[in-house]
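Numbering (UniProt numbering), first residue to last: 1 to 699.
Beta carbons: idealized from backbone N, C-alpha and C, even for Gly.
Here the structure is a predicted model, which means the values were calculated and not measured.
So the structure is just underneath, and the comments pick up after that.
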Amino acid sequence: MNNENMVSVGDFPTPSYEEWRSAVDKALKGAPFEKKMVSQTYEGISIPPIYTSKNWPAAGEPSGFPGKQPFTRGFSACGVGAEGWCIRQEQAAPDLKVANAAILADLKHGTTSFLIRIDKAARSGLDPDQANPGLIGVDGVMAYARADFDALMDRVQLDLVPIALAAGSQFLGTAAMLASLWQQRKVTGNEAKGAFNADPLGTLAATGTLPVPVEMALAHMADLAAYTALHWPNVTAVGVDTTPYYDAGATESQDLACAMATGVAYLRAMTAAGMEVNTACHQIAFTFPVGCDFFLSMAKLRAARKLWARITESCTGTPTAARIHARTTERMLTRCDPWVNMLRTTTAAFAAGVAGANSITVLPFDHALGHADAFSRRIARNSQIILREESSLTRVIDPAGGSWYVESLTDQLAHAAWGLFQDIEKAGGMAMALRSGIIAEKIDAVHVVRERNIAHRKDPLTGISEFPNIAELVPSHPDVDRKSLADQARVALPANRVEAARALRGAELGSLTERAVAAATDGATIGSIAAALAAGTSSGVSLQSLPRHCLAESFEALRSAAAAYKTNTGAWPTIFLANIGLIAAHTGRATYAKNFFEAGGVKTLTNNGFTEAKACAAAFQDSGAHIAILCSSDALYEKYVSTMAPALKAAGCQFLFLAGNPGDRKEGYLKAGVDDFIFVGCDVLGSLRTTLSRLGVTH
Numbered sequence: 001m002n003n004e005n006m007v008s009v010g011d012f013p014t015p016s017y018e019e020w021r022s023a024v025d026k027a028l029k030g031a032p033f034e035k036k037m038v039s040q041t042y043e044g045i046s047i048p049p050i051y052t053s054k055n056w057p058a059a060g061e062p063s064g065f066p067g068k069q070p071f072t073r074g075f076s077a078c079g080v081g082a083e084g085w086c087i088r089q090e091q092a093a094p095d096l097k098v099a100n101a102a103i104l105a106d107l108k109h110g111t112t113s114f115l116i117r118i119d120k121a122a123r124s125g126l127d128p129d130q131a132n133p134g135l136i137g138v139d140g141v142m143a144y145a146r147a148d149f150d151a152l153m154d155r156v157q158l159d160l161v162p163i164a165l166a167a168g169s170q171f172l173g174t175a176a177m178l179a180s181l182w183q184q185r186k187v188t189g190n191e192a193k194g195a196f197n198a199d200p201l202g203t204l205a206a207t208g209t210l211p212v213p214v215e216m217a218l219a220h221m222a223d224l225a226a227y228t229a230l231h232w233p234n235v236t237a238v239g240v241d242t243t244p245y246y247d248a249g250a251t252e253s254q255d256l257a258c259a260m261a262t263g264v265a266y267l268r269a270m271t272a273a274g275m276e277v278n279t280a281c282h283q284i285a286f287t288f289p290v291g292c293d294f295f296l297s298m299a300k301l302r303a304a305r306k307l308w309a310r311i312t313e314s315c316t317g318t319p320t321a322a323r324i325h326a327r328t329t330e331r332m333l334t335r336c337d338p339w340v341n342m343l344r345t346t347t348a349a350f351a352a353g354v355a356g357a358n359s360i361t362v363l364p365f366d367h368a369l370g371h372a373d374a375f376s377r378r379i380a381r382n383s384q385i386i387l388r389e390e391s392s393l394t395r396v397i398d399p400a401g402g403s404w405y406v407e408s409l410t411d412q413l414a415h416a417a418w419g420l421f422q423d424i425e426k427a428g429g430m431a432m433a434l435r436s437g438i439i440a441e442k443i444d445a446v447h448v449v450r451e452r453n454i455a456h457r458k459d460p461l462t463g464i465s466e467f468p469n470i471a472e473l474v475p476s477h478p479d480v481d482r483k484s485l486a487d488q489a490r491v492a493l494p495a496n497r498v499e500a501a502r503a504l505r506g507a508e509l510g511s512l513t514e515r516a517v518a519a520a521t522d523g524a525t526i527g528s529i530a531a532a533l534a535a536g537t538s539s540g541v542s543l544q545s546l547p548r549h550c551l552a553e554s555f556e557a558l559r560s561a562a563a564a565y566k567t568n569t570g571a572w573p574t575i576f577l578a579n580i581g582l583i584a585a586h587t588g589r590a591t592y593a594k595n596f597f598e599a600g601g602v603k604t605l606t607n608n609g610f611t612e613a614k615a616c617a618a619a620f621q622d623s624g625a626h627i628a629i630l631c632s633s634d635a636l637y638e639k640y641v642s643t644m645a646p647a648l649k650a651a652g653c654q655f656l657f658l659a660g661n662p663g664d665r666k667e668g669y670l671k672a673g674v675d676d677f678i679f680v681g682c683d684v685l686g687s688l689r690t691t692l693s694r695l696g697v698t699h
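Following this line, the structure appears as structure tokens:
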């Protein structure tokens with residue numbers, strides 16, 4: 001090609017927004033632009049199809065620069081650095097030996113940090129000889145004494161590997177175990193890295209209980225923070241984890257508001273205990289769940305830094321960048337077709353990485369099914385490594401910076417969250433808002449709307465409400481012998497655990513954590529420390545906990561009911577596809593019907609189509625099904641429904657659907673024998689529930 005004939009981009013005229021809009025309106029042929037082209041988030045933020053500089057005027061750099069106020073664009077001018085964000089793997093296997101082997105394998109293959117979740121018994125402040133068997137070894141590691149933590153961390157270089165804890169209400173006793181282990185291993189204050197994650201209000205929201213009054217729990221948290229600031233400068237004592245709110249159905253702005261309100265409550269508690277406000281700010285680390293809405297998740301983390309900088313500037317005069325740990329949310333994970341979860345978690349991790357999270361946890365794709373195996377942990381770990389190293393996300397500082405869409409969405413989320421944060425403060429703060437039920441009420445209102453959208457497939461779930469596969473083989477893992485492990489744990493309990501913890505009784509604030517660490521060194525357990533801390537206090541706190549929801553829970557409940565029916569009867573509940581005409585005529589709606597009913601565990605029985613009512617009725621009888629659905633084009637419906645529907649009813653069809661919106665032909669089809677219709681926008685979940693009931697499936 002002759003260079004003289006080449007056309008550069010600059011030779012084309014730049015269209016204006018008005019010209020673009022005119023072209024779109026023409027293509028819409030009279031359909032309303034706002035309805036067809038503009039989407040809405042659950043907080044009511046409008047998302048137009050195109051953004052311009054008018055959506056985000058960049059004059060004066062309103063988002064600042066990376067590492068500079070308001071920290072929207074990152075906590076550091078260098079981004080997350082050459083090594084990238086911290087890859088934090090969760091460990092919750094009950095068996096200490098199994099958990100230790102998994103930790104060592106993770107370290108060998110790229111994991112750089114760990115979060116240790118202790119089991120429900122320990123999180124309840126109970127040793128294995130005190131707890132109900134239903135708590136022991138459930139949802140966490142069976143670590144009760146320092147010796148257990150020592151075994152868990154066998155051959156782990158604690159001077160190099162950051163350790164974070166998830167201990168619920170037992171944050172002080174569990175932190176004492178880790179601090180005592182650091183001391184035993186001769187790890188210096190500057191070498192130890194991690195997070196104790198004391199989060200009493202988050203625990204109250206999640207479980208509905210605290211073993212001591214809220215004020216005392218906050219005082220214990222402040223004591224731990226003061227001790228941590230003095231002895232472990234690279235460790236944070238306080239964690240603000242919004243998982244309970246997000247799992248209950250919170251929007252991104254509600255999630256942010258709860259985080260900010262909780263952070264402010266913790267700042268007040270620490271400064272009231274005498275801690276200097278800047279020191280208190282640096283003791284707080286945030287954990288945010290991230291979902292697979294890429295841009296919304298990214299904007300949430302950026303908005304979190306902006307909001308926290310504003311709060312800390314108001315408190316101290318010096319804005320502080322929030323330390324953010326991102327965790328792929330449990331609410332998006334599914335038990336059915338769990339392999340799709342790999343896509344969900346990778347998208348979420350990508351968003352968190354681009355948003356500049358300090359550390360990220362990717363949950364294994366089979367997390368919703370129970371304990372992860374080596375394969376799913378490897379996939380979770382490697383997805384981060386690929387994003388961080390092979391995709392080179394860490395080589396670009398704030399890649400979303402300057403995007404009119406992302407910057408505008410970040411700003412709108414921040415404004416929405418700030419208004420909700422002010423509402424919580426007006427209600428008396430986060431603790432009062434939890435007690436009064438305001439938080440639960442606001443979140444539940446959103447959950448109801450989201451559930452309706454999921455039921456109508458306005459919010460589709462791949463592998464669940466869309467493209468289900470009822471013939472899939474779900475990965476299974478061997479059952480854990482918790483009884484045997486509990487017996488071993490009881491035998492291993494230190495004989496002097498009660499005596500070792502006795503020194504904590506009556507201990508004054510200011511020395512409480514130091515005494516707890518000494519008690520852990522002497523043989524106290526998490527349970528005995530909990531008993532000592534609660535001795536002589538009034539009763540704890542009890543309120544209605546926030547419910548935990550998964551997006552797929554309603555559909556998966558139907559799938560489980562259908563699977564149980566198959567186990568009991570030897571066959572799936574079925575529906576006959578009464579396909580009309582040639583394959584080209586019926587395949588679209590037959591496929592729609594298949595996806596529709598199999599989303600509820602109802603197997604579809606298909607065929608190549610019929611033009612004779614008698615043949616269709618005979619095939620229905622031979623299939624053994626009790627219900628059927630007519631599938632074809634609108635034109636063939638007009639021609640054949642009047643004969644097909646009566647023939648199917650005469651052949652024993654107890655309920656007859658028609659695939660498609662009947663429009664003004666509805667009355668005629670109903671008279672012919674059609675009982676109901678399925679179409680885009682109908683209540684899929686409601687139809688599936690009634691269908692399963694008709695087929696004798698208990699759900």
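Short Cβ contact (8 Å threshold) for residue i with residue j
i       : j       : result
Thr-574 : Ala-625 : yes
Tyr-42  : Val-448 : no
Ala-619 : Pro-646 : no
Arg-302 : Thr-394 : no
Ala-431 : Ile-438 : no
Phe-294 : Phe-375 : no
Ser-554 : Ile-454 : yes
Coil, strand or helix - residue i by DSSP
i       : result
Gly-202 : helix
Gly-173 : helix
Ser-39  : strand
Lys-596 : Before going further, note that residue 596 is Phe rather than Lys in the sequence given. Looking at Phe-596 - three-state DSSP - the assignment turns out to be helix.
Ile-464 : coil
Thr-574 : strand
Val-491 : helix
Gly-168 : helix
Thr-698 : coil
Thr-209 : strand
Asn-453 : helix
Cα-Cα separation between residue i and residue j, rounded to whole angstroms
i           : j       : result
residue 700 : Ala-489 : Coverage of the chain is limited to positions 1 through 699, which leaves residue 700 absent and any answer about it impossible.
Ala-179     : Ala-518 : 10 Å
Glu-19      : Asp-11  : 18 Å
Met-1       : Pro-662 : Because the pLDDT at Met-1 is just 49, under 50, the model does not fix this residue reliably, and the value given afterwards should be weighed accordingly. Going from the Cα of Met-1 to the Cα of Pro-662 covers about 57 Å.
Thr-690     : Val-684 : 10 Å
Gly-140     : Gln-170 : 13 Å
Gly-110     : Gly-536 : 47 Å
Pro-200     : Ala-237 : 12 Å
Ser-528     : Gly-173 : 9 Å
Asp-241     : Arg-502 : 31 Å
Gly-540     : Leu-692 : 45 Å
Val-277     : Ile-324 : 19 Å
Thr-251     : Ser-408 : 17 Å
Thr-14      : Asn-607 : 54 Å
Leu-688     : Tyr-669 : 21 Å
His-231     : Thr-525 : 22 Å
Asn-595     : Ala-584 : 18 Å
Ala-229     : Ala-143 : 25 Å
Phe-610     : Val-138 : 55 Å
Segment limits, beta strand (DSSP E) that includes residue i
i       : result
Lys-603 : 603-605
Phe-12  : First-last for Phe-12: undefined, no H or E at that position.
Phe-286 : 284-290
Val-480 : Note, Val-480: premise wrong, no beta strand (DSSP E); not H, not E.
Range of the contiguous alpha helix (DSSP H) that encloses residue i
i       : result
Gly-419 : 404-426
Val-354 : 340-355
Ser-545 : Neither: Ser-545 is in no alpha helix (DSSP H) and is coded neither H nor E.
His-371 : Segment: none, His-371 is in no alpha helix (DSSP H) and carries neither H nor E.
Arg-435 : 430-436
Ala-580 : The sequence given here has Ile at residue 580, not Ala. Taken as a continuous stretch (DSSP letters only), Ile-580 belongs to no alpha helix (DSSP H), as it is neither H nor E.
Cβ-heavy atom distance, residue i to the ligand FMN, below 7 Å
i       : result
Asn-358 : What this structure holds is no ligand at all, so the ligand FMN is not there to describe.
Segments assigned beta strand (DSSP E), at least 3 residues, entirely inside the region 73-159: 86-91 and 113-117
Just to confirm the assignment: which complete alpha helix (DSSP H) runs, minimum length 4, are found wholly within the region 620-688? 634-650 and 666-672
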